[in-house]
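Taking it in order: structure first as structure tokens, then the write-up.
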Amino acid sequence: MKKKIVFTLFILSLVLSSILLYTYFFSYIKFNSVTATDRILVWIITLGLLLYYIRLEKNPQLAAETIITEKKKHDDKSNDSNRPDVSFNDVAGLDEVKEELQETIDFINNSDKYMKMGAKIPRGILFYGPPGTGKTLFAKAVAGETKSTFLYASGSEFVEKYVGVGAKRVRTLFEKAKKDAPSIIFIDEIDAIGTKRNTENNNEKDQTLNQLLVEMDGFNRNNTVIVIGATNRLDLLDDALLRPGRFDRHIHVGNPNVRSREEILKVHTKDKPLDCDVDIRDIAKKTHGFSGAQLANIANEAAIIAVRNKKSLISRTHFDSAIERVVAGLEVKNPHVLAKEKRLVAHHEAGHALVGKKLKVDMIQKISIVPRGQALGYVLNFPDEDRYLLTKSELLNKIRVLLGGRAAEQIIFGEITTGASNDLEKATKIANQMICTYGMSTVFGNIVIKDQYRFNQSKIDNETKKIINSCYDDAIRIIEENKIMLQEIANHLLEKEILYGDELDTIYEKYKFPIKNAT
Ligand code: ATP
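Note that this note's numbering has the sequence shown beginning at 6, numbered continuously upward.
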């Protein structure tokens, strides 16, 4: 900001100096009131501004001052909202995390009790886990429950090209926290500054990290300041940051299970007018693998869809549309799909559904050939219960279902299309994980392969190919044996564009027993 002002002033005075210079040499333009001293003064000011601008550009100290002044202004502005009114009641589910944090809260609220016993206040808590799972919300809730000042910073804010600027920002942040204690400093994406240090000296990032370590060591007992860091990559963090006395409490905040999803949905629908057909538990079941942020988004989307449809209550169909929007993307309006392509898509999706149904992989909620996002069709499915472990045969079945679309194209049209690229990517990923992460391949056995390139990439590729080819053969066989069922599903899709789970069940019951050599 300061640099911009100096630059603007410099340009203005440069223009003025140029005019004065011009009128000095071309006497037919007269500025009677401008004396020689005025001219010299303007030229000196211009030169001064130019030199000052160059100094600002080159000198990190001045740049840092500028940035910190801006930050101070920002902090002052946000002072009112520094004590969040978020409590644990606003954070649904994840009871184990709440329990773990309860002690820290007690420590802040009754610090005397602990100090009398000579116990030290915990300094750092590290939340790790996938995005959108409520890490920031938890940090705010700790501040809310303890009536502490909440200071938010993102790791990337400390990354600067000027050496020393990041470190100075860390210092400023901690000074403010100590001044406003009790306080919670929340550093989101801490991996931006906290990754393992390398051997380069005077690296700006290392200086920032060093400063953070120094600040975390430097609290005295009277300062109730707790630093909460959040990251999606715990493995990248420097060991010094994780040692006792710094971020020594590591709490995993993962995607919610079905019960937590139900709780989160309840929190986000409590002020919304719901129709009586809305079953929150049912929505929780259909949203396996969703994060808290996605669930909040679904509740909001459903409300928007209800308003768009001019309804006064949010119904089940609004929630279903919201889930579909999150899973498959926006519905394409007036899509121009050729009739031939539609037939292909219908058989491709029917292939996935049929293999899935036969192998009992997940519950199929809906099959659609209405284009959404980049997909021309999709099968909406979800597991009937939360699973934490998968067997080798279950993983192979997942691959078979993914390849069911291509297998159907091959059998019905005698040709394969580009439509399976995303399926192939997912199938290859699972097969690769089976070999390298889960030790499930017959060739390599029970080992984890960390460095695939060093290990012998071509051997791994061959093994991946073997798994994929064998699963593809199985998918082909299943579809060959159930060709009539496949055609019935595809015909239904071509006629109505959508096939619901119960309709699929009816077709499945009709043709449950394979008819060999069907035409
Ligand atoms: P990131 O890693 O991307 O920074 P995060 O883990 O910090 O994400 P939050 O910002 O805390 O996630 O969550 C985003 C939003 O999701 C919250 O504002 C809230 O609306 C909703 N949310 C997430 N988890 C929960 C939960 N357990 N209870 C209620 N709401 C939740």
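Using N, Cα and C, we set each Cβ at its ideal position, and we do this for glycine too.
Residue i, DSSP secondary structure in three states
| i | result |
| --- | --- |
| residue 395 | coil |
| residue 504 | strand |
| residue 15 | helix |
| residue 335 | coil |
| residue 342 | coil |
| residue 251 | coil |
| residue 234 | strand |
| residue 70 | Note that residue 70 has pLDDT 49, beneath the 50 cutoff, so the model's placement of it is unreliable and no number is given. |
| residue 445 | coil |
| residue 384 | strand |
| residue 374 | coil |
| residue 421 | coil |
| residue 221 | helix |
| residue 369 | strand |
| residue 110 | helix |
| residue 523 | Bear in mind that the predicted position of residue 523 carries a pLDDT of just 42, short of 50, making it unreliable; the figure below should be weighed with that in mind. Looking at residue 523 - three-state DSSP - the assignment turns out to be coil, as it is neither helix nor strand. |
| residue 511 | helix |
| residue 4 | As displayed, the chain neither begins before 6 nor continues past 524, which places residue 4 out of reach and without an answer. |
| residue 42 | helix |
| residue 517 | coil |
| residue 102 | helix |
| residue 379 | coil |
| residue 175 | helix |
| residue 125 | coil |
| residue 329 | helix |
| residue 148 | helix |
| residue 293 | coil |
| residue 471 | helix |
| residue 92 | coil |
Distance between beta carbons of residue j and residue i, contact taken as under 8 angstroms
| i | j | result |
| --- | --- | --- |
| residue 233 | residue 307 | The Cβ separation is near 32 angstroms, so there is no contact. |
| residue 192 | residue 147 | Not confirmed; about 14 angstroms, so no contact. |
| residue 381 | residue 332 | Actually they are not in contact, since the Cβ atoms of residue 381 and residue 332 sit about 15 angstroms apart, beyond 8 angstroms. |
| residue 285 | residue 109 | Residue 285 to residue 109, Cβ: 31 angstroms. No contact. |
| residue 318 | residue 289 | Wrong, their Cβ atoms sit about 20 angstroms apart, outside the cutoff. |
| residue 347 | residue 499 | 7 angstroms |
| residue 297 | residue 334 | In fact, because the Cβ distance is near 21 angstroms, the residues do not count as touching under 8 angstroms. |
| residue 216 | residue 164 | At roughly 13 angstroms, the Cβ-Cβ gap does not stay under 8 angstroms, so residue 216 and residue 164 are not in contact. |
| residue 303 | residue 506 | Not a contact, Cβ separation roughly 19 angstroms. |
One or two residues paired with residue i in a DSSP bridge
| i | result |
| --- | --- |
| residue 159 | 193 |
| residue 257 | 133 |
| residue 154 | 188 |
| residue 242 | 200 |
| residue 279 | 319 |
| residue 450 | 446 |
Residue j beta carbon less than 8 angstroms from that of residue i
| i | j | result |
| --- | --- | --- |
| residue 50 | residue 23 | no |
| residue 336 | residue 375 | yes |
| residue 372 | residue 360 | no |
| residue 418 | residue 504 | no |
| residue 133 | residue 257 | yes |
| residue 440 | residue 465 | yes |
| residue 151 | residue 113 | yes |
| residue 141 | residue 235 | yes |
| residue 171 | residue 212 | yes |
| residue 410 | residue 502 | no |
| residue 127 | residue 254 | yes |
| residue 131 | residue 252 | yes |
| residue 316 | residue 366 | no |
Among the options, the one whose alpha carbon lies nearest that of residue i
| i | options | result |
| --- | --- | --- |
| residue 508 | 517, 497, 518 | 497 |
| residue 266 | 295, 326, 411, 490 | 295 |
| residue 155 | 164, 187, 243 | 187 |
| residue 60 | 28, 44, 11 | 11 |
| residue 282 | 91, 324, 260, 303 | 324 |
| residue 428 | 406, 326, 447, 438 | 406 |
| residue 139 | 485, 411, 261 | 261 |
| residue 482 | 454, 104, 408 | 408 |
| residue 291 | 327, 135, 315 | 327 |
| residue 321 | 264, 88, 303, 280 | 280 |
| residue 491 | 293, 363, 120 | 363 |
| residue 484 | 456, 452, 388, 517 | 517 |
| residue 219 | 129, 462, 299 | 129 |
| residue 16 | 183, 181, 47, 135 | 47 |
| residue 386 | 463, 468, 293, 302 | 293 |
| residue 159 | 244, 136, 198, 182 | 198 |
| residue 444 | 300, 415, 237, 469 | 469 |
| residue 45 | 21, 58, 57 | 21 |
| residue 94 | 135, 136, 149, 344 | 149 |
| residue 453 | 467, 462, 438 | 438 |
Test: residue i CB closer than 8 angstroms to a CB of chain B
| i | result |
| --- | --- |
| residue 446 | No chain B is present in this structure, which holds just one protein chain. |
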